[in-house]
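Trainee:
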Amino acid sequence: MEHMIHEIKPVFNDKSRILILGSFPSVKSREGQFFYHHPQNRFWKVLAASLSQSVPATVEEKTIFLLSNHIAVWDVIASCDIQGSSDSSIRNVTPNDLTNLLSLAPIRSIYTNGGTSHKLFCKHIEPSLGRSAVKLPSTSPANAAWTLERLVGVWGPAIRKGLFPGKPDSDLTDF
Numbered sequence: 001m002e003h004m005i006h007e008i009k010p011v012f013n014d015k016s017r018i019l020i021l022g023s024f025p026s027v028k029s030r031e032g033q034f035f036y037h038h039p040q041n042r043f044w045k046v047l048a049a050s051l052s053q054s055v056p057a058t059v060e061e062k063t064i065f066l067l068s069n070h071i072a073v074w075d076v077i078a079s080c081d082i083q084g085s086s087d088s089s090i091r092n093v094t095p096n097d098l099t100n101l102l103s104l105a106p107i108r109s110i111y112t113n114g115g116t117s118h119k120l121f122c123k124h125i126e127p128s129l130g131r132s133a134v135k136l137p138s139t140s141p142a143n144a145a146w147t148l149e150r151l152v153g154v155w156g157p158a159i160r161k162g163l164f165p166g167k168p169d170s171d172l173t174d175f
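For the sequence shown, the UniProt record's numbering assigns the number 1 to the initial residue and increments by one for each residue that follows.
#1: Under 8 angstroms between the Cβ atoms of G22 and S117?
#2: Can you tell me which of the three DSSP states A78 falls into?
#3: Are the CB atoms of residue 177 and A72 nearer to each other than 8 angstroms?
#4: If I'm right that H3 touches I77 with Cβ under 8 angstroms, what's the distance once you round it to whole angstroms?
#5: Where does E61 fall in DSSP's three states?
#6: Just list the alpha helix (DSSP H) runs in the UniProt domain "Uracil-DNA glycosylase-like" (9-152), keeping only unbroken ones of 4 residues or longer that don't cross its boundaries, in chain order.
#7: Find out if the Cβ-Cβ distance for the pair Y111, I18 is shorter than 8 angstroms.
#8: Tell me, which residues are paired with H3 by DSSP?
#9: According to DSSP, is G166 part of a helix, a strand, or is it coil?
#10: Short check: CB of P95 to CB of I125, under 8 angstroms?
#11: Give the single residue among G166, A158, W146 whose Cα lies nearest to the Cα of N41.
#12: Would you kindly work out how many angstroms separate the C-alpha atoms of D75 and P25, rounded to a whole number?
#13: Cutting at 7 angstroms between CB atoms, please list the residues of its own chain near V154, excluding the five before and the five after it.
#14: How many Å lie between K15 and R160 at the Cα?
#15: Which same chain residues end up closer than 6 angstroms to G156 when comparing Cβ atoms and leaving out the 5 residues on each side of it in sequence?
#16: Report yes if the C-beta distance between G114 and S89 is below 8 angstroms; otherwise report no.
#17: Since L98 contacts L129 with CB under 8 angstroms, what's their CB separation in whole angstroms?
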């Protein structure tokens, strides 16, 4: 078990409408200094398919993809004790402070990527923030019960609803 501090800055700008929160960066993400850096994590494939776009490959392409689609990304945890990349090993959590991000970006909806991030958001952030988050199934390769198609089937409508509230999902196929 190692005490780790989150060193990846959140990706957002003043046009970000939705915020997607993971739990804590994996070993690969910490090495690459960017979110969902492990090639087997399906996050980028799910987002791209949900928005009918190409999968971004480089950190620069991923940043442009997020910002051009009004998506902010960060994690619930600022620091914790963790064994490798295992969410189940997370202990001694200090949450990230979302106040600054939410004051600078007009975030309409907050989503959590998986059960651990949702549980930690509800415990550490929601009470003081006064905002809830929508729990989405994890894009982690550890969540093998969920196929890419099944993930897109849940993530797609949720993400599009957050980006385009009040617009029927059938009107969004040409996004």
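C-beta: ideal position from N, C-alpha, C; glycine also. Computed from a predicted model, the values in this text were never measured in an experiment.
Mentor: Considering the structure as presented:
#1: yes
#2: Reduced to three states, the DSSP call for A78 is strand.
#3: Because the chain in this structure spans residues 1 to 175, residue 177 falls outside the shown range and cannot be described.
#4: At roughly 12 angstroms, the Cβ-Cβ gap does not stay under 8 angstroms, so H3 and I77 are not in contact.
#5: helix
#6: Taking only runs of at least 4 residues, the alpha helix (DSSP H) segments lying wholly in the UniProt domain "Uracil-DNA glycosylase-like" (9-152) are 27-32, 43-50, 59-68, 99-104, 115-120, 126-129.
#7: yes
#8: Partner(s): D81.
#9: Here G166 sits in coil by DSSP.
#10: For P95 and I125, yes; Cβs fall inside 8 angstroms.
#11: W146
#12: 8 angstroms
#13: Once the five neighbours on either side are set aside, the close Cβ partners of V154 are L136, P137.
#14: 15 angstroms
#15: S50
#16: no
#17: 6 angstroms
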